[in-house]
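Below is one structure; the comments refer to it alone.
2 protein chains.
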Amino acid sequence: MFETAEIGHKLSKERYKREEPKLRQALLEAQYQLLEKGKFPVLLIVSGVEGAGKGETVNLFNEWMDPRHLRAFAFGKPGPADKGRPVMWRYWQALPPKGKIGIFFGSWYTDAIVDRTRGKTGKAAFGRELDRIRRLERMLSAEGVLVVKLWFHITKPQMKKRLKKLGSSKLTAWRATANEWKYYKDYDKFRDISEDAVRETSTGAAPWHVIEGYDPQYRSLTAGRILLSAMKHRLEGEMPTLPSPAPPATPPLDGHNILKSLDYAAKLTRPQYDKKLDALQAELAYAMRSKAMRDRGVCAVFEGMDAAGKGSTIRRITRALDARYYRVIPVAAPTEEERAQPYLWRFWRNVPQPGHTTIFDRSWYGRVLVERVEGFATQFAWMRAYQEINEFEAEMAESGILVVKFWMAVTPEEQLKRFKQRKEIAYKRYKITAEDWRNRKQWPKYEQAVCDMIERTSTDMAPWNLIAANDKLHARVEVLERLVQAIKRA
Amino acid sequence: MFETAEIGHKLSKERYKREEPKLRQALLEAQYQLLEKGKFPVLLIVSGVEGAGKGETVNLFNEWMDPRHLRAFAFGKPGPADKGRPVMWRYWQALPPKGKIGIFFGSWYTDAIVDRTRGKTGKAAFGRELDRIRRLERMLSAEGVLVVKLWFHITKPQMKKRLKKLGSSKLTAWRATANEWKYYKDYDKFRDISEDAVRETSTGAAPWHVIEGYDPQYRSLTAGRILLSAMKHRLEGEMPTLPSPAPPATPPLDGHNILKSLDYAAKLTRPQYDKKLDALQAELAYAMRSKAMRDRGVCAVFEGMDAAGKGSTIRRITRALDARYYRVIPVAAPTEEERAQPYLWRFWRNVPQPGHTTIFDRSWYGRVLVERVEGFATQFAWMRAYQEINEFEAEMAESGILVVKFWMAVTPEEQLKRFKQRKEIAYKRYKITAEDWRNRKQWPKYEQAVCDMIERTSTDMAPWNLIAANDKLHARVEVLERLVQAIKRA
Chain E
1 MFETAEIGHK LSKERYKREE PKLRQALLEA QYQLLEKGKF PVLLIVSGVE GAGKGETVNL
61 FNEWMDPRHL RAFAFGKPGP ADKGRPVMWR YWQALPPKGK IGIFFGSWYT DAIVDRTRGK
121 TGKAAFGREL DRIRRLERML SAEGVLVVKL WFHITKPQMK KRLKKLGSSK LTAWRATANE
181 WKYYKDYDKF RDISEDAVRE TSTGAAPWHV IEGYDPQYRS LTAGRILLSA MKHRLEGEMP
241 TLPSPAPPAT PPLDGHNILK SLDYAAKLTR PQYDKKLDAL QAELAYAMRS KAMRDRGVCA
301 VFEGMDAAGK GSTIRRITRA LDARYYRVIP VAAPTEEERA QPYLWRFWRN VPQPGHTTIF
361 DRSWYGRVLV ERVEGFATQF AWMRAYQEIN EFEAEMAESG ILVVKFWMAV TPEEQLKRFK
421 QRKEIAYKRY KITAEDWRNR KQWPKYEQAV CDMIERTSTD MAPWNLIAAN DKLHARVEVL
481 ERLVQAIKRA
Chain B
1 MFETAEIGHK LSKERYKREE PKLRQALLEA QYQLLEKGKF PVLLIVSGVE GAGKGETVNL
61 FNEWMDPRHL RAFAFGKPGP ADKGRPVMWR YWQALPPKGK IGIFFGSWYT DAIVDRTRGK
121 TGKAAFGREL DRIRRLERML SAEGVLVVKL WFHITKPQMK KRLKKLGSSK LTAWRATANE
181 WKYYKDYDKF RDISEDAVRE TSTGAAPWHV IEGYDPQYRS LTAGRILLSA MKHRLEGEMP
241 TLPSPAPPAT PPLDGHNILK SLDYAAKLTR PQYDKKLDAL QAELAYAMRS KAMRDRGVCA
301 VFEGMDAAGK GSTIRRITRA LDARYYRVIP VAAPTEEERA QPYLWRFWRN VPQPGHTTIF
361 DRSWYGRVLV ERVEGFATQF AWMRAYQEIN EFEAEMAESG ILVVKFWMAV TPEEQLKRFK
421 QRKEIAYKRY KITAEDWRNR KQWPKYEQAV CDMIERTSTD MAPWNLIAAN DKLHARVEVL
481 ERLVQAIKRA
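Chains as they are written, first to last, in full-length UniProt numbering: chain E, 1 to 490; chain B, 1 to 490.
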């Protein structure tokens, strides 16, 4: 794979001087066009052999383009803020929004390859890592991110020559560190493993470009031209069509479904409720403050039809929590900033840190519920979302976060009763809008979307808890019970 | 995941009698429309719990639709013909062509899940298996195959009830075998593992549909409706657009490339050649007949510009082989039968069996060479082909097949000389056509395509051997040398 970058490509300095200003101008123009159109972000991943000119190239890009609309991130080893967070969390925080260019210098590839080279991970774990990367990049591409990946390569003798040259002058000796020599020692292994990584992650949607890195003139102009051509190609807006996926499940023939199978008659009297609630809140408070939970985040998700009682149930939970360690995130239509990012981005931002709890009042499931039903997302987008969501939750679970999901289920009759009540009680009136009535008309479509969602996203590590919520008291107690159970199991 | 199929769906027999004829008619109509339009094949995968009605449903489909255009394959354990062949080989043989419906009863899922349930494979191997399946299905979908996956589910008590019922009558007791009871014993494990498999392979392009299988009326109509709606949806021809991938690499700035770096001056005199050829053919003959090669297939691929000497080199190889055990496959434009299948299908057909050699005179690389340059394949198609090809070759290598690839490189000047010679010598004239002259004009484009191909598909398990072929004698000897080396290493 790397043979084509070991043949001694080079360019004269004169040629570089002649071509560099033209390339620079073209890149700048493409950058402004990107900014004006604002249709997609560019993610440039810079990786490769130590000393093959990665850093120099990143610096050049910074110099060539308008730094206000370009941001380079140099990722090292995960820091304290990344502890207990999913592996991909810090990269999500750095994703460029539409119209902007983000450069990842060091990226999801670095850790995977270096850990494997140093024997910290086995072959199977490495394979899983590459699979995770492929899925993430596929999703980013499908969301419209232009992913451009540059791999800078030099040979082992070139690496040695460079280190010796650096070491021979006082001015540059600091750059030929013991660590750099360690990379030299590991060269062959690194080359093998990188070759696997580059091959396995060179997908049609996000291919690698391998650049011979020894000659600075050749390397710089080549890197610039690849970025330029990728941007121009996308700006010109060619969109391939895909064969359409099979459509979603049709509603079951007998009209029966899992929501209808719940026991909506379940009820609690006020005295029963008061007694149980007090006991459960105490239990929850103790469980959350236990030693086992100190280093773990909790991510609780509440979904349900309008007026199902999500808000009031959440309040019964938060009363048992320490205000310093929890946040409730009400999820409405995305903001402008959020719309400039892949749809999961706004949830990645709010992934709890260790020892903290995030409660989502509505969540990423909007993609397969309201966005599906209202047609805000294409079928292609919401069909692939089930798997993307499962992967997002798996990433959280892997990093030790407890994911607990509740569907608050009410019958259409009960919803109507509550809507009417809200209209009548002055201080509740703000809670009922024309939109609620519109949504209500779509009940069968929502119901189907909910059943599909439960079927496709109820997983071992994050199962759906279906709560019959026609009786609010019963529902609150059951949610608390399930939450306490989940924490105790974890 | 399976909770939604454990709620007791059922339909009355009256309703079934009323709806079955309508469904049947609609399915038949869709089948004929599929046949007439002939734009895509339908692959129906039927899997699930033992006794949940898989076989019955397959029989029904056979009854409902026109059996001339539908074919069901029941895959059991791999048989003798599958030995030493890649795992996916037998499935490729059974893929339906455009316009037809193929039903896989037992499929790539069965082995993966059963082996894992019985502890024959570990977690990591199972994960790799699912990844392989995902990639295959993604490729099939991208090639236009409509993949519909039905999972039939029953609960453990339902399974027991069924087995007891079967056992209680002499007429049906033969169906409640020890093997079936073994499935019952393994139910919980099977359910866990299946749930993982279904979740991880429920992609946007090829989602699973889970069907509650206990009630025959509900099960049959539901399965039929899912297939019908999938077919109608695709027949109506909705095609989602995808953000465009980054474009291919631009040719290197300094005009240098790996083809130009070969030593085209290498030459052999006739006496040198004769001596070496004899020795190498003998060596090859012995090596191919060695014990180590008895159970291994060899797949040799020859690619090169027109008139590079592929044919004459292949003849020097086949002279050393036993005619019973080798085949040369000349690859030209695909036949009608081949065009009705994914592009790799015609090569899967010719994967060598153990102890046999297949020599491809041109190959699957046409996708990223002529099809790319001439625009027969879209950019989306050839960009993803690199990875698909690497995976195809990896599948062969994994099953023990030795994959050896040669690029016969000539300079444009040498090609011109040979073209002119061919024109002049009567018995060679048939070898030179207007097309050859047309291709020659595209030399720079082909050269770029070849360099990209080498960069992206030269892998550890199947590296490209680049042969400077301006001197035919030198080229033949070098090919034989490399081939003998590759066999000796293997």
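By construction, the Cβ of each residue, glycine as well, lies at the ideal position given by its N, Cα and C atoms.
Check	Outcome
To test your reading of the DSSP string, which unbroken alpha helix (DSSP H) runs of 4 or more residues are found completely within the region 37 to 116 of chain B?	54 to 64 and 89 to 93
What did DSSP end up calling E:G127 once you bin it into helix, strand or coil?	helix
With burial defined as no fewer than 16 other Cβ atoms inside 10 Å of the residue's Cβ, what is the status of B:E342: buried or exposed?	The sequence given here has Pro at residue 342 of chain B, not Glu. It is buried - the Cβ of B:P342 has at least 16 other Cβ atoms within 10 Å.
Excluding sequence positions up to five away, which residues of its chain have a Cβ less than 8 Å from the Cβ of B:W64?	L23, R24, L27, L28 and G224
Counting only the same chain and skipping the five closest in sequence on each side, list residues whose C-beta sits under 6 Å from that of B:F152.	G48, A52, G53, K54, I211 and G213
Out of E:M139, E:L146 and E:D215, state which residue places its alpha-carbon closest to the alpha-carbon of E:M159.	E:D215
Secondary structure at E:R134, three-state DSSP: helix, strand or coil?	helix
Determine the direct distance from the alpha carbon of E:W345 to that of E:P139, and round the result to whole angstroms.	It is Met, not Pro, that sits at residue 139 of chain E in the sequence shown. Each residue's alpha carbon lies about 12 Å from the other.
Given B:N59, which residues of its chain have a CB within under 6 Å of its CB, disregarding the five upstream and five downstream residues?	none
Counting only beta-carbon atoms, is residue 512 of chain E nearer than 7 Å to chain B?	Not covered by the structure: residue 512 of chain E. The range shown for chain E is 1 to 490.
Looking at the C-beta of E:T177, does it have a partner C-beta in chain B at a distance below 7 Å?	no
For E:A74, which residues in the same chain have their Cβ closer than 7 Å to its Cβ, ignoring the five residues on either side in sequence?	F105 and G106
Can you list the alpha helix (DSSP H) stretches of 4 or more residues lying completely in the region 269 to 299 of chain B, in chain order?	270 to 288
In the DSSP output, which residue or residues are listed as bridge partners for B:K428?	Beta-bridge pairing links B:K428 to no other residue.
Roughly how far, in whole angstroms, is the beta-carbon of E:N465 from the beta-carbon of E:Y264, given that I think they are within contact range, below 8 Å?	Between E:Y264 and E:N465 the Cβ distance is about 16 Å, and since that is not below 8 Å, they are no contact.
If you draw a straight line from the alpha carbon of E:W92 to that of B:V410, how long is it in whole angstroms?	48 Å
Output, in chain order, the set of chain D residues within a Cβ distance shorter than 9 Å of B:A124.	Going by chain labels, chain D is absent from the structure shown, which instead holds the protein chains E and B.
Does the distance from the CB of B:H69 to the CB of B:K100 come in under 7 Å?	yes
Indicate the three-state DSSP secondary structure (helix, strand or coil) for E:D192 in the structure shown.	helix
Please report how far the alpha carbon of E:F376 lies from the alpha carbon of B:K165, in whole angstroms.	50 Å
Considering only their Cβ atoms, is the gap separating E:A320 from E:Q281 smaller than 7 Å?	yes
Taking only the alpha-carbon atoms, compute the straight-line gap between E:A125 and B:I317 and give it to the nearest angstrom.	42 Å
Would you verify that the beta carbon of B:R324 is, or is not, closer than 7 Å to some beta carbon of chain E?	no
Between which two residues does the alpha helix (DSSP H) carrying B:F380 extend?	Q379 to E398
Considering only residues of the region 213 to 238 of chain E, which uninterrupted alpha helix (DSSP H) runs meet the minimum length of 4 residues and lie entirely inside it, listed in chain order?	216 to 235
Start and end of the alpha helix (DSSP H) containing E:N465?	No alpha helix (DSSP H) holds E:N465; the beta strand (DSSP E) holding it covers W464 to A468.
From which residue to which residue does the beta strand (DSSP E) around E:I359 run?	T357 to D361
Would you call the region 427 to 435 of chain B and the region 319 to 338 of chain B in contact, with 3 or more CB pairs under 8 Å?	no
At what residues does the alpha helix (DSSP H) containing E:P354 begin and finish?	Counting along the chain, E:P354 falls outside any alpha helix (DSSP H), and DSSP gives it neither H nor E.
Assuming contact is defined by CB atoms lying nearer than 7 Å, are E:P352 and E:G304 in contact in what I supplied?	no
Could you check whether the Cβ of E:T155 sits closer than 7 Å to any Cβ belonging to chain B?	no
Residues of chain B with CB closer than 7 Å to the CB of E:D111, please, in chain order.	Neighbours of E:D111 on chain B: none; closest Cβ ~19 Å, over 7 Å.
Any C-beta of chain E sitting closer than 7 Å to the C-beta of B:E455?	yes
What residues of chain E sit near B:K161, judged by a beta carbon separation below 9 Å?	Residues of chain E passing the Cβ test: none, with the nearest at roughly 20 Å.
Are the CB atoms of B:R384 and E:E204 within a distance shorter than 7 Å?	What sits at residue 204 of chain E in the sequence shown is Gly, not Glu. A contact, by the Cβ cut-off of 7 Å.
Can you pull the chain E neighbours of B:G204, defined as C-beta to C-beta under 7 Å?	P245, F380, M383, R384 and Q387
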